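Trainee:
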Amino acid sequence: MTTGSFMSKWRQPSILPGFGLTLGYTIFYLTIIILIPLAALVWRSSSIGWAEFAALATDERTVQALKVSFGCALIAAAVNVVFGTLTAWVLVRYQFPGRRLMDAIIDLPFALPTAVAGIALAALYAPKGWVGALFQPLGLKIAFTPLGIVVALVFVGLPFVVRTVQPVMEEIDREVEEAAATLGANRFQTITRVLLPALVPAILTGFALAFARAVGEYGSVIFIAGNIPYVSEIAPLLIVIRLEEFNYAGATSIACIMLIISFVMLLVINLLQFWSRRRYSNVR
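In terms of this note's numbering, the sequence shown has 155 at position 145, counting the first letter as 1, and numbering is strictly consecutive.
(1) Quick check: the Cα distance between residue 254 and residue 244, rounded to an integer number of angstroms?
(2) List the whole-angstrom C-beta distance separating residue 91 from residue 217, where the pair is believed to meet the contact cut-off of C-beta under 8 Å.
(3) Does residue 210 have its Cβ less than 8 Å from a Cβ in chain B?
(4) Look at the alpha carbon of residue 261 and the alpha carbon of residue 201, and state the distance between them as a whole number of angstroms.
(5) I need the straight-line Cα distance from residue 98 to residue 70, nearest angstrom please.
(6) So which of 281, 55 and 162 has the shortest CA-CA distance to residue 83?
(7) Under the three-state reduction of DSSP, which class applies to residue 228: helix, strand or coil?
(8) Can you give me the C-alpha to C-alpha distance between residue 40 and residue 47, rounded to a whole angstrom?
(9) Out of curiosity, what's the CA-to-CA distance linking residue 55 and residue 49?
(10) Find out if the Cβ-Cβ distance for the pair residue 242, residue 154 is shorter than 8 Å.
(11) For residue 277, which of helix, strand or coil comes out of DSSP?
(12) Between the stretch 213-228 and the stretch 258-277, are three or more C-beta pairs nearer than 8 Å?
(13) Check whether the stretch 165-184 and the stretch 120-136 touch, using three or more Cβ-Cβ pairs below 8 Å as the test.
(14) Mind pulling the alpha helix (DSSP H) runs of 4 or more residues that sit fully within the stretch 86-115?
(15) With a 10 Å radius around its C-beta and 16 neighbouring C-beta atoms as the bar for buried, classify residue 263 as buried or exposed.
(16) Residue 177 to residue 123, Cα distance in whole Å?
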């Protein structure tokens, strides 16, 4: 079988021309922008040898920085799933004064420089800041702790959940809810059995985007984290420290470890998303 006949059988019939050209451009673009840099990262890390790579991966400071980065990212993404979904619900289901302004404010973390956001959050949540001073008498310190990292990551990740869930929620016909109520379902049953199954794929997508954004966040975190080794030091900061020490092998090794962990976690999330979509389509 020739290559041309194989491609003609493999591709989907379409009235639009240019499949070969656009596919070739897509592969070329992804190779230049994504695959080659990632391959260079892995190659640079492998140059130090497996023994040294394992030593760097199991170093206590590296392990703790990875725990802080991925742990705070997971917590922030979970928080954004709950409150981002609620925010999308309010914006879609209700009409109220200032709704358009609130809808526009959601996108501010996209446009605001992360360093500016970090400085503002650090000033607000510091022990003498407007918000931090309220929690200080309770013995709760937010800024310069892992809790401050979570606050910063929630700030930068919220728009990803809202903008992912909002369009799907707008497509759900309200007649479906009315039909469920007519059949005797209460509000809790309508939400859990009618609305959530349709929203789960979008919610998982928003969670994956918010998590991916949070894992690599640097600018808004370093100002509020305190950057204390073994306590509130994030992995991206540790990479920068290794680069300043001209330890390029160590920096690329930490980056490679983050790449592997992120890939595995995003793969699991995508599998869950695929399963939920198939389950929902079968239910319909």
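Think of the CB as a built atom: it goes at the ideal place given N, C-alpha and C, for glycine as much as any other residue.
Computed from a predicted model, the values in this text were never measured in an experiment.
Mentor: Judging by the given coordinates:
(1) Counted from its first residue, the sequence shown places residue 254 at position 244. Counted from its first residue, the sequence shown places residue 244 at position 234. Their backbone Cα atoms lie some 16 Å apart in a straight line.
(2) Working through the sequence shown from its first residue, we reach residue 91 at position 81. Working through the sequence shown from its first residue, we reach residue 217 at position 207. Under the criterion of beta carbons closer than 8 Å, residue 91 and residue 217 qualify as touching, at roughly 5 Å.
(3) Within the model displayed, chain B is absent; a lone protein chain is all it includes.
(4) For the purposes of this step, residue 261 is taken as the residue at position 251 of the sequence shown. For the purposes of this step, residue 201 is taken as the residue at position 191 of the sequence shown. So the alpha carbons of these two residues sit roughly 46 Å apart.
(5) Start at 1 with the first residue of the sequence shown, and residue 98 comes out as number 88. Start at 1 with the first residue of the sequence shown, and residue 70 comes out as number 60. Spanning the two alpha carbons is a distance of roughly 41 Å.
(6) The sequence position of residue 83 within the sequence shown is 73, counting from 1. Ranking 281, 55 and 162 by Cα distance to residue 83 puts 162 first.
(7) Here residue 228 refers to the residue found at position 218 of the sequence shown. Three-state DSSP puts residue 228 in coil, outside helix and strand.
(8) Mapped onto the sequence shown, residue 40 falls at position 30. Mapped onto the sequence shown, residue 47 falls at position 37. Approximately 10 Å, taken between the alpha carbons.
(9) As a first step, residue 55 is located in the sequence shown; it is residue number 45 there, counting from the start. As a first step, residue 49 is located in the sequence shown; it is residue number 39 there, counting from the start. A direct Cα-to-Cα measurement between residue 55 and residue 49 gives close to 10 Å.
(10) Taking the sequence shown and counting its residues from 1, one reaches residue 242 at position 232. Taking the sequence shown and counting its residues from 1, one reaches residue 154 at position 144. Yes.
(11) Walking along the sequence shown from the start, residue 277 turns up at place 267. Helix.
(12) Yes: at least three Cβ pairs fall under 8 Å.
(13) yes
(14) Positions of the alpha helix (DSSP H) runs, each at least 4 residues long and wholly inside the stretch 86-115, are given as 109-115 in order along the chain.
(15) Looking up residue 263 in the sequence shown gives position 253. That one is buried.
(16) What you label residue 177 is simply residue 167 of the sequence shown in a count that begins at 1. What you label residue 123 is simply residue 113 of the sequence shown in a count that begins at 1. One C-alpha to the other measures close to 26 Å.
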